[in-house]
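A.B. asks:
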Amino acid sequence: MKRPRIRHLSENSLIMDMSEELDTGLCSQIAALAEAARHELTGVIESVPCATSLYIEFNPLEVEPTDISESLLAMSSNACDYTVGVETIVLPCYYSPDVAPDLLALAEKKKMTVNELISIHSGTTYTVCSIGFAPGFAYLAGLDPRICADRHSTPRQSVASGSVGIAGAQTAVYPRESPGGWQIIGNCPLPLFNIDAEPLSPLRHGMQVRFEPIDQETFLQKGGKLP
Amino acid sequence: MSALLIERASPMMLVQDLGRFGVAHHGLSQGGPLDLHAHCWANKLLNNPPNCATLEITFGNAELIAGQDIWLALCGADMHATIDGQNVQVWSSFLLRKNQSLKLSYPREGLRSYLATAGGFDTPATLQSQSAVLRNDIGKQLIDGDKLNTHDRPFDGSVTHTPACYVPDYPNHIELRMISYGKEHTEIFQTNFTVSQRSDRMGVILDAESPLPPLPGITSEALPIGTVQLPPDGKPIILLNDRQTQGGYYKLGCIMRCDLPKLAQAPPGTQIRIREVDLDTARREWIEFCRFFQSSV
Numbered sequence: 177m178k179r180p181r182i183r184h185l186s187e188n189s190l191i192m193d194m195s196e197e198l199d200t201g202l203c204s205q206i207a208a209l210a211e212a213a214r215h216e217l218t219g220v221i222e223s224v225p226c227a228t229s230l231y232i233e234f235n236p237l238e239v240e241p242t243d244i245s246e247s248l249l250a251m252s253s254n255a256c257d258y259t260v261g262v263e264t265i266v267l268p269c270y271y272s273p274d275v276a277p278d279l280l281a282l283a284e285k286k287k288m289t290v291n292e293l294i295s296i297h298s299g300t301t302y303t304v305c306s307i308g309f310a311p312g313f314a315y316l317a318g319l320d321p322r323i324c325a326d327r328h329s330t331p332r333q334s335v336a337s338g339s340v341g342i343a344g345a346q347t348a349v350y351p352r353e354s355p356g357g358w359q360i361i362g363n364c365p366l367p368l369f370n371i372d373a374e375p376l377s378p379l380r381h382g383m384q385v386r387f388e389p390i391d392q393e394t395f396l397q398k399g400g401k402l403p
Numbered sequence: 158m159s160a161l162l163i164e165r166a167s168p169m170m171l172v173q174d175l176g177r178f179g180v181a182h183h184g185l186s187q188g189g190p191l192d193l194h195a196h197c198w199a200n201k202l203l204n205n206p207p208n209c210a211t212l213e214i215t216f217g218n219a220e221l222i223a224g225q226d227i228w229l230a231l232c233g234a235d236m237h238a239t240i241d242g243q244n245v246q247v248w249s250s251f252l253l254r255k256n257q258s259l260k261l262s263y264p265r266e267g268l269r270s271y272l273a274t275a276g277g278f279d280t281p282a283t284l285q286s287q288s289a290v291l292r293n294d295i296g297k298q299l300i301d302g303d304k305l306n307t308h309d310r311p312f313d314g315s316v317t318h319t320p321a322c323y324v325p326d327y328p329n330h331i332e333l334r335m336i337s338y339g340k341e342h343t344e345i346f347q348t349n350f351t352v353s354q355r356s357d358r359m360g361v362i363l364d365a366e367s368p369l370p371p372l373p374g375i376t377s378e379a380l381p382i383g384t385v386q387l388p389p390d391g392k393p394i395i396l397l398n399d400r401q402t403q404g405g406y407y408k409l410g411c412i413m414r415c416d417l418p419k420l421a422q423a424p425p426g427t428q429i430r431i432r433e434v435d436l437d438t439a440r441r442e443w444i445e446f447c448r449f450f451q452s453s454v
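Chains as they are written, first to last, in the working numbering: chain B, 177 to 403; chain E, 158 to 454.
Dropping the structure here:
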């Protein structure tokens, strides 16, 4: 890994760039560094792992920007110490036109059967490369190029909670009902964000994610809802 | 009996403490008062620490009735507050007696007022903060008939005023200083902007006669408050308290924090010029602000 570079963004925030391009192998390392910075460094207010970088916001009354930069660079040079075991989570997914308005059209556009599309999407292991847009919304990298798809040019007013979507080379689950432009191919009945729960979300930066196809009965048993 | 009844709510009325920190990695916005200067002064006038929750009142036109004798302080835009027809000075503390009503009209200048109470408003906290962030479904927009309690804390009962040198004007043209991220795109310093109607607590959109030349996006990363993004339409967005946690638009720089209260008081149509500031100056002024109010965010 190249020596990371620090960019000061404002009076009390900075970014440590870890790589030029998205490298899914690096995601768990950035997550571990973010965790360590949050707990071990004085004066850290926010520590946010991003796709290729780590964002830090600090209390200027407690720590000098130069000190925090040096601590971060030192931590990253010992990055192996911060590489944790990568966790894998399996998310059940009901792939059906009942809940997925774009499933049939996308399969047709990709000149494949719906079952082929499902087996490609559920046969890949993804990496959480950032969390944002909305609470608990995890961008999952590693989508098979055969099923990559553009966003809708006009976003839908409302995408159902649990919707599993595709945009570009990424896939994601909408943790709650919201507007959105992703191509919806399924629905995951598990709650992915709960403000009253600990942890708030089962998904964390750097985690590995797989989707497991389920039938309608299982979907409903697990709390899924048909529109 | 609750301390304060909202007889008539302003178009936007939210409870705000300094904000919700340490949870941005879950995708949660920080929230907090858009005009930190006015919020902190309202608390200071009542000897409250800066993290006490105040009411952020936008656009005015509100009425509040006291359920008990209650010490309040009002800072920010002058909304021509009255108690029983008597004028109440903005940037001051005052006593609202039981059953009296505090009426606020529309602001002639500025946009937001902050109402503090001795001890702070007592509303449920979520992840250690009382700040309402509507886009995260946290807290609520207060409406007619809502009641607010306060933390019981004695106050010595003296009327206090913010010294005139700390009371800002809210003119219809303002200048904001930006920490620039590069030397190559200087158009932003030569353009006359106006605050767009589409602005909200997430960010202020700047309209211009001719939009800035578009620049390519970047890999998404987290964004500090004040970030100036340039989306493909060429209209810069200055990100505020309820901003999304990460973004991938091109970034021109960051408005210095001590200038953001001016922006928070700028209604749509306000003229804006941006000029460059060095990071050291911005940092020095910010540290001075934090020391003054014993605040860190």
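Heads up, the beta-carbon is just placed ideally off N, CA and C, and yes, glycines get one too.
Values in this document were obtained by computation on a predicted structure and should not be read as measured data.
1. What's the gap between the Cα of residue 346 of chain E and the Cα of residue 354 of chain E?
2. Please report how far the alpha carbon of residue 159 of chain E lies from the alpha carbon of residue 181 of chain B, in whole angstroms.
3. Going by other Cβ atoms of all chains shown within 10 Å of its Cβ, with 16 needed for buried, is residue 374 of chain B buried or exposed?
4. Can you tell me the Cβ-Cβ gap for residue 436 of chain E and residue 184 of chain B, rounded? I've got them flagged as a contact below 8 Å.
5. Looking only at DSSP bridge pairs, what is residue 232 of chain E linked to?
6. Helix, strand or coil for residue 382 of chain E per DSSP?
7. Let me see if you follow: with CB-CB separation under 9 Å, is residue 224 of chain B close to chain E or not?
8. Could you say which of B/272, B/276 and B/354 lies nearest to residue 312 of chain B if we only look at CA atoms?
9. May I ask which residues mark the beginning and end of the beta strand (DSSP E) holding residue 330 of chain E?
10. If we count the other Cβ atoms within 10 Å of its Cβ and call it buried at 16 or more, is residue 201 of chain E buried or exposed?
11. Which residues of chain B have a Cβ atom closer than 7 Å to the Cβ of residue 197 of chain E, listed in chain order?
12. Output the distance between the C-alpha atoms of residue 191 of chain E and residue 298 of chain B, rounded to the nearest integer angstrom.
13. In the stretch 166-188 of chain E, which residues sit with their C-beta less than 9 Å from some C-beta in chain B, listed in chain order?
14. How big is the Cα-Cα spacing for residue 183 of chain E and residue 262 of chain B?
15. Could you tell me whether the stretch 291-303 of chain E touches the stretch 376-391 of chain B, using the rule of 3 or more Cβ pairs below 8 Å?
16. Counting only beta-carbon atoms, is residue 179 of chain B nearer than 9 Å to chain E?
17. Contact defined as beta carbons within less than 8 Å: I believe residue 397 of chain E pairs with residue 358 of chain E. What is the distance between those atoms, to the nearest angstrom?
18. Between residue 174 of chain E and residue 286 of chain E, which are expected to be in contact by the criterion C-beta below 8 Å, what is the C-beta distance as a whole number of angstroms?
19. According to DSSP, residue 411 of chain E sits in a beta bridge with which residue or residues?
20. Can you list, in chain order, the residues of the stretch 210-222 of chain E whose Cβ is nearer than 8 Å to any Cβ on chain B?
21. Do residue 289 of chain E and residue 188 of chain E count as a contact pair if the criterion is CB distance below 9 Å?
22. Apart from the five residues just before and just after residue 338 of chain E, which ones in its own chain have a Cβ nearer than 7 Å to its Cβ?
23. Examine chain B for any beta-carbon lying closer than 9 Å to the beta-carbon of residue 379 of chain E, and answer yes or no.
24. What residues from chain E crowd round residue 367 of chain B, counting only those whose CB sits closer than 8 Å?
25. Quick one, are the C-beta atoms of residue 226 of chain B and residue 384 of chain E less than 9 Å apart?
26. Just the C-alpha distance for residue 99 of chain E and residue 391 of chain E, rounded to the nearest angstrom, thanks.
27. Starting from residue 268 of chain B, trace the beta strand (DSSP E) both ways and give me its first and last residue.
28. In chain B, which residues lie less than 8 Å from residue 439 of chain E when you measure between Cβ atoms?
29. Quick one: which chain E residues come within Cβ less than 9 Å of residue 318 of chain B?
30. Apart from the five residues just before and just after residue 443 of chain E, which ones in its own chain have a Cβ nearer than 8 Å to its Cβ?
31. Chain B partners of residue 383 of chain E, CB-CB under 7 Å?
32. For residue 292 of chain B, which residues from the same chain have a beta carbon less than 6 Å from its beta carbon, with the 5 sequence-adjacent residues on both sides left out?
33. Which residues in chain E sit within 9 Å of residue 310 of chain B, going by Cβ to Cβ distance?
34. I need the straight-line Cα distance from residue 320 of chain B to residue 232 of chain B, nearest angstrom please.
35. By Cβ distance below 7 Å, which residues in the same chain neighbour residue 327 of chain B in space, the five residues on each side in sequence not counted?
36. So, does the stretch 254-262 of chain E touch the stretch 222-233 of chain E, judging by three or more C-beta pairs under 8 Å?
C.D. replies: Taking the geometry as given:
1. 22 Å
2. Cα to Cα, residue 159 of chain E sits roughly 54 Å from residue 181 of chain B.
3. So residue 374 of chain B ends up on the exposed side.
4. 6 Å
5. Bridge partners of residue 232 of chain E: E/271.
6. Shown here, residue 382 of chain E sits in coil according to DSSP, grouped into three states, outside any helix or strand.
7. yes
8. B/354
9. 330-337
10. buried
11. Within 7 Å of the CB of residue 197 of chain E, no CB atom of chain B is found; the nearest one sits about 14 Å away.
12. 44 Å
13. 178, 179, 180, 181, 182, 183, 184, 185, 186 and 187
14. 18 Å
15. no
16. no
17. 6 Å between Cβ atoms; contact.
18. So it is a contact: roughly 6 Å between Cβ atoms.
19. E/336 and E/384
20. none
21. yes
22. Closer than 7 Å at the Cβ level, and outside the excluded window around residue 338 of chain E, lie 408, 409 and 410.
23. yes
24. Within 8 Å Cβ-Cβ: nothing; residue 367 of chain B doesn't reach chain E, min ~14 Å.
25. For residue 226 of chain B and residue 384 of chain E, no; Cβs fall outside 9 Å.
26. Absent from the model: residue 99 of chain E. The displayed extent of chain E is 158 to 454, so no value can be given.
27. 264-269
28. 186 and 187
29. Those do not exist, as residue 318 of chain B stays about 16 Å from chain E at its closest Cβ, beyond 9 Å.
30. Apart from the 5 residues on each side of it in sequence, residue 443 of chain E sits with its Cβ closer than 8 Å to the Cβ of 413, 414 and 415 in its chain, given in chain order.
31. Those within 7 Å of residue 383 of chain E in chain B are 186.
32. Cβ neighbours of residue 292 of chain B beyond the five flanking positions: none.
33. 184, 292, 293 and 401
34. 32 Å
35. Only 343, 357 and 358 meet the Cβ criterion.
36. yes
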